[in-house]
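>
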Amino acid sequence: MVEIKPFGSWPSPVSGDSLSGGISAADIVVDRQIVYWCEVVPAEQGRGQIFYRAPGNAEPTLLLPLEYNCRTRVHEYGGGSFTVKNGLVVFSNNSDGRLYTANLTQGGDNVDIKPLTPDTGSLKRYGDMRIDEDGHYVVCVEEEHFENEQPKDVVNRLVSVSLKDGAVHVLAEGNDFYTSPRLSGSRIAYITYNHSNMPWDFTMLYLADFAGSSLKSSTCIAANDESVVQPEFGVDGTLYFASDRSGFWNLYRYHDNQVKLLLPSPLEQEFAGACWALNMAWYRPAAWDANKVICMNKDHLAIIDVDKQTMSNIEALNDYVDFDYVTSYAKEGQQHGGVLVFNATSDQAPCELVAFDCETSTRTILREPKAPALDREYVSRGQEIEFPTEDGLTAFAYYYPPRNPRYQGPTGEKPPLRVLLHGGPTAVTNRAYNRSIQYWTTRGFAIADVNYGGSTGYGRAYRNRLKKKWGIVDVNDCCNAALYLVKQGWVDGEKLTIVGGSAGGYTTLASIAFRDVFKAACCKYGVSDITLLAKETHKFESRYPDELIGKYPEDEAIYKERSPLFSADLIKCPVIFFQGADDKIVPPSQSEVMVDALKKKNVPVSYVLYQGEGHGFRRAENIKRTVELELWFYGQMFGFPVEGVEGVEIYNFPKNAA
């Protein structure tokens, strides 16, 4: 029998503990048919562990002892933290920034781990690695830091590291950034770009001859006001890449000294995305067939026949809606058979690491989700909505209604809405199953997961809506998403909340400072004073505000006008802040100045600081604590009960909240 309970207070099968139990394999590598991947282990203080699974093995094997943390902080966001060739693993260790080798020829607990690069006291970092065909060098991105540095002091290079003696050789330098070194025999492809561009603005693709410790005959093959991402070599040496020269990231190849589109004409859809991290993979040339390329076709995984210029969805995988880190390998002794390996997520179940045999259409789950599956009668499935926004335009969001078969809200009442913002802001959300969303919908909240103007996934023109208009376009779209759902009669207009982290945290604060729509807010490591972002952040994003706001200090007045801190007196709704003490991207000062300002303005506010956490929370106990406290905070503000959560102090709030 269905029980009546206030929205937000429904007992749920999704616990806070289970939110750190999902898996998402990163940097998937296949070597000699053994699949390797890196995975964050929240229960071990969020360290990166390398797993591997050989054919015939029922369970993955762990590679690294507790004292190692496979993670790179190149660009702070990392990526490409390890690579493997012929059983030799090369990985970045987060605690000292050095490269290490792990030789798997001995196997199991007897893996021999040795440092490869010199100890620089974490002043040098390495990422996005590939080992050359002869096994003599690992080619990667090097990022050099200095004591008391400014962002402009940091140096990025393309280097090769000798696997014999650890000697580091500079292959290319002089530009602000280098990424994506990819090898094919004696050739190398790589991407480079300069400030104030980001990877989704304008980049250059180079092709050169690789001589181990140097490059020869370097040629720029793509640099025509376009964003080029993810170069890859096919098995026959053909160079592929994604470019948005048509207005959308489509797939191309460099053949007979010409750039050619893989399909007959460009499509108005994205086959790649924003390279926030190194080594991201949205497509991959087939390892067993020089004529095939595996790619994402919207919600599907597809195969492009390069000669015929046709694209066909893999129907056996239609139950999934999202794929990433796609790679492939040829089955031993077979010329026409191959296996795809990728993360895959449906809209009703968590992410799985999948191996798919293209010949037999069978799949093997290499890594099961650690969190228990949610009974599908509880799952709220996202539906994309297009809603009107400013200037006669429309924007997009995924709407998730509350869903719990055992409970419903009181007659005549509508659910509270939690407007959810992705970071970036040049990023995207989709309708893939997200257990943290189900945490809220099973408790009686509705969710609007917004792809505001500036998001990827809708082409360059949509992405460029945010140029010089950060804090305007995104704010309007998030407010209009909430108001649209109120107008539809789906949510309670007096219980609208907004939450975001990083850039989403900025939009959260800007939305409650510059618009009077939301009744409560949650800011996670968000930017409150954009002038501090221009002054304090790391090199990768240090010129990002140039494109989003304007040049600093020339446009300081605009920065202050758009900074929530300087309009804190306009904020009326309660806010809870969460912050990592070790965050180098958005330092704690960004949250603390805002908290102090709201205290002085007599606005209800709470602040939670996590020691040992950086940008985004990796430890299981902090992931749990954050979501439970956010729910508890809303319960305090809207008057619904939240049991089993130890609260925190709410300044300027009449109740004894702690």
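Under this note's numbering, read the sequence shown as residues 40 to 697, first letter to last. For each residue, glycine too, the CB sits at the ideal point set by N, CA and C. Fair warning: this is a prediction, and the values are worked out from it, not measured in the lab.
#1: When you compare the segment 43–52 with the segment 444–456, are there three or more beta-carbon pairs, one atom per stretch, that lie closer than 8 Å?
#2: In the DSSP assignment, the alpha helix (DSSP H) including S256 goes from what residue to what residue?
#3: What did DSSP end up calling F381 once you bin it into helix, strand or coil?
#4: D56: buried (16+ other C-beta within 10 angstroms of its C-beta) or exposed?
#5: Rounded to the nearest angstrom, how far is the Cβ of T428 from that of N519, given a contact under 8 Å?
#6: Report the rounded CA-to-CA distance for N296 versus C259, giving the unit in angstroms.
#7: The alpha helix (DSSP H) spanning W479 covers which residue range?
#8: Going along the chain, which residues of its own chain have a beta-carbon closer than 6 Å to the beta-carbon of C397, five neighbours each way excluded?
#9: Give me whichever residues DSSP pairs with T433 in a beta bridge.
#10: Where I689 and Q618 are concerned, what is the direct C-alpha to C-alpha distance, given to the nearest angstrom?
#11: If you run the structure through DSSP and keep just helix, strand and coil, what is E106?
#12: So, do the segment 302–313 and the segment 94–113 have three or more beta carbon pairs nearer to each other than 8 Å?
#13: Check the DSSP bridge columns for E42 and list the partner residues they point to.
#14: Go ahead and pull the three-state DSSP assignment for M319.
#15: Whose C-alpha, out of E188, R601, V177, is nearest the C-alpha of A250?
#16: Cutting at 8 Å between CB atoms, please list the residues of its own chain near D555, excluding the five before and the five after it.
#17: Can you look up Y439 in the DSSP assignment and give me helix, strand or coil?
#18: Look at the alpha carbon of G166 and the alpha carbon of W49, and state the distance between them as a whole number of angstroms.
#19: Look up K694 in the DSSP assignment and say whether it is helix, strand or coil.
#20: State the Cα-Cα distance for the pair S223 and L210, rounded to the nearest angstrom.
#21: According to DSSP, simplified to helix, strand and coil, what is V684?
#22: Looking at the secondary structure, which residues open and close the beta strand (DSSP E) in which D363 lies?
#23: Quick check on the DSSP output: the beta strand (DSSP E) that includes M350 runs from which residue to which?
#24: For C77, does the three-state DSSP call read helix, strand or coil?
#25: Taking 8 Å as the threshold (C-beta atoms), are H654 and D622 in contact?
#26: Going by C-alpha distance, which of E188, A65, Q72 is nearest F130?
#27: Report yes or no: do three or more beta-carbon pairs, one from the segment 423–443 and one from the segment 406–414, lie closer than 8 Å?
#28: Among residues of its own chain, excluding the 5 on either side of G544, which ones have a beta-carbon nearer than 7 Å to its beta-carbon?
#29: Cutting at 7 Å between CB atoms, please list the residues of its own chain near K299, excluding the five before and the five after it.
#30: So, helix, strand or coil for K508, using DSSP?
#31: Label K357 either buried or exposed according to how many other C-beta atoms from any shown protein chain fall within 10 Å of its C-beta, with 16 as the threshold for buried.
#32: What residues are listed by DSSP as bridge partners for R457?
#33: Leaving out five residues on either side along the sequence, give the residues of the same chain with a beta carbon under 8 Å from the beta carbon of P270.
#34: As a quick exercise: from E83, Q72, H461, L105, pick the residue whose alpha carbon is nearest that of R33.
#35: Nearest-angstrom Cα distance between E212 and F672?
#36: When the Cα atoms are used, what is the spatial distance from Y368 to M319?
Reading off the structure:
#1: yes
#2: S256 -> not in any alpha helix (DSSP H); beta strand (DSSP E) instead, spanning 254–261.
#3: strand
#4: exposed
#5: 4 Å
#6: 11 Å
#7: 474–480
#8: G377
#9: P427
#10: 16 Å
#11: Coil at E106, not helix or strand.
#12: No: fewer than three Cβ pairs fall under 8 Å.
#13: Y446
#14: Looking at M319 - three-state DSSP - the assignment turns out to be coil, as it is neither helix nor strand.
#15: V177
#16: K611
#17: For Y439, the secondary structure class from DSSP, reduced to helix, strand or coil, is strand.
#18: 45 Å
#19: Coil at K694, not helix or strand.
#20: In this structure, the alpha-carbon of S223 lies about 16 Å from that of L210.
#21: Here DSSP, grouped into helix, strand and coil, assigns V684 to coil.
#22: That run of the beta strand (DSSP E) goes 361–369.
#23: 349–352
#24: Assignment of C77 by DSSP, reduced to helix, strand and coil, places it in the strand class.
#25: yes
#26: A65
#27: no
#28: C562, K563, Y564, G565, V566
#29: A distance below 7 Å between beta-carbons, with the five flanking residues on each side excluded, links K299 to the following residues of its chain, in chain order: Y291, R292.
#30: coil
#31: According to the sequence provided, residue 357 is Asn. The question's Lys does not apply to it. Result: exposed.
#32: I486, T536
#33: S219, R221, A228, Y229, I230, L244, L278, Y279, F280
#34: Look at the range of the chain in this structure, 40 to 697, and you will see that residue 33 is not part of it.
#35: 50 Å
#36: 18 Å
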